[in-house]
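Chemist: For the record, in the sequence shown the residue sitting at position 172 is 177 according to our numbering, with numbers rising by one throughout. I have a structure here, written as C-alpha cells, and I will follow up with some questions on it.
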Amino acid sequence: DDASGTTAVLVLAEHFARHATPLRRSVLFACWSAEEKGLRGSRAFTEQPSVPLGSIVAVVNLEMLGRPERESAPFAWITGAEYSDFGAIAEAALGERGVAVEPFAMATQLFAASDNLPFAQKGVVAHSISAGTLHADYHQPGDGPERIAYAHMTAVVRGLAGVVEAFATRDGKPEWNEAGKR
Numbered sequence: 006d007d008a009s010g011t012t013a014v015l016v017l018a019e020h021f022a023r024h025a026t027p028l029r030r031s032v033l034f035a036c037w038s039a040e041e042k043g044l045r046g047s048r049a050f051t052e053q054p055s056v057p058l059g060s061i062v063a064v065v066n067l068e069m070l071g072r073p074e075r076e077s078a079p080f081a082w083i084t085g086a087e088y089s090d091f092g093a094i095a096e097a098a099l100g101e102r103g104v105a106v107e108p109f110a111m112a113t114q115l116f117a118a119s120d121n122l123p124f125a126q127k128g129v130v131a132h133s134i135s136a137g138t139l140h141a142d143y144h145q146p147g148d149g150p151e152r153i154a155y156a157h158m159t160a161v162v163r164g165l166a167g168v169v170e171a172f173a174t175r176d177g178k179p180e181w182n183e184a185g186k187r
C-alpha cells in the first residue's frame, strides 16, 4: 500500500528531474505520513501549504500500486472519478501508455479515505489512482515485497508519468462537476 505509492513518487520525481522537455507547469512531489491516523500529513499540508493551494492544478495521489487483484494487462482505477473531469484526463493519459482504467467497486468510498481528501475539501481537484486491491493481507506483516507484481507496477508508473505530464502541460485546470461540488 504505502510503500508502493511512495516508491512511485520517488521514481516519478527522478523521471521528471531528468525530463528533457521542460513542462509548462512546475510539479511538486510530496509524501504524506499518518494517512491511516486521520490523514494527518496531507491535512497538515493543506492547513499550512508550502505553495498556495490556488496554484495547485491537480493532486494525483498514489495508492496501492503493487498488488493488482489479478494478473492481466496493466490497469488502474481512480477514486471519485464521477466528481470531476480528472478521471477522463487521467484515463486518456494512462491509455496512451498502455494502462486501462477499470471500475473498482469501492472507488467512490475510498475517495474519502485517502490523502486526496483534504485537498478536495479545500477545492483542489484531487483524486487517488490505484492499481491494487484490499487483499487478505492488506496492512498485515505478510504484505511484503515478494508479493509485488513488479511488471504491472512498472507499467502503471510509466502511465502515471503520462498523467502528471498531462496535468502539467494542458491549458486549463481540471474542474469539479456538480456531484463534486457537494
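The C-beta atom is built at its ideal place from N, Cα and C for all residues, glycine as well.
Report the partner residues of Glu68 according to the DSSP bridge assignment.
Modeler: Its beta-bridge partners are Ser135.
Chemist: Determine whether the beta carbon atoms of Ile94 and Ala171 lie at a separation below 8 Å.
Modeler: It is a contact, given that the beta carbons lie within the stated cut-off.
Chemist: So, for Ser135: in the same chain, excluding its five sequence neighbours on each side, which residues have a beta-carbon less than 6 Å away from its beta-carbon?
Modeler: Correct list, in chain order: Glu68, Met69, Trp82.
Chemist: So Gly85 and Met158 are in contact, right, with Cβ under 8 Å, and what is the actual spacing, rounded?
Modeler: About 22 Å separates the two Cβ atoms, so there is no contact after all.
Chemist: Bridge partners of Val106, per DSSP?
Modeler: For Val106, which the question treats as bridged, DSSP gives the partners Ala81.
Chemist: Excluding five sequence neighbours on each side, which residues of the same chain lie with their C-beta closer than 7 Å to the C-beta of Val161?
Modeler: If we look at Val161 and ignore the five residues flanking it on each side, its Cβ neighbours are Leu70, Pro79, Ala81, Val104, Ala136.
Chemist: Indicate the three-state DSSP secondary structure (helix, strand or coil) for Ser9 in the structure shown.
Modeler: Ser9 falls in the helix class under three-state DSSP.
Chemist: Label Glu96 either buried or exposed according to how many other C-beta atoms from any shown protein chain fall within 10 Å of its C-beta, with 16 as the threshold for buried.
Modeler: Answer is buried; the Cβ neighbour count reaches 16.
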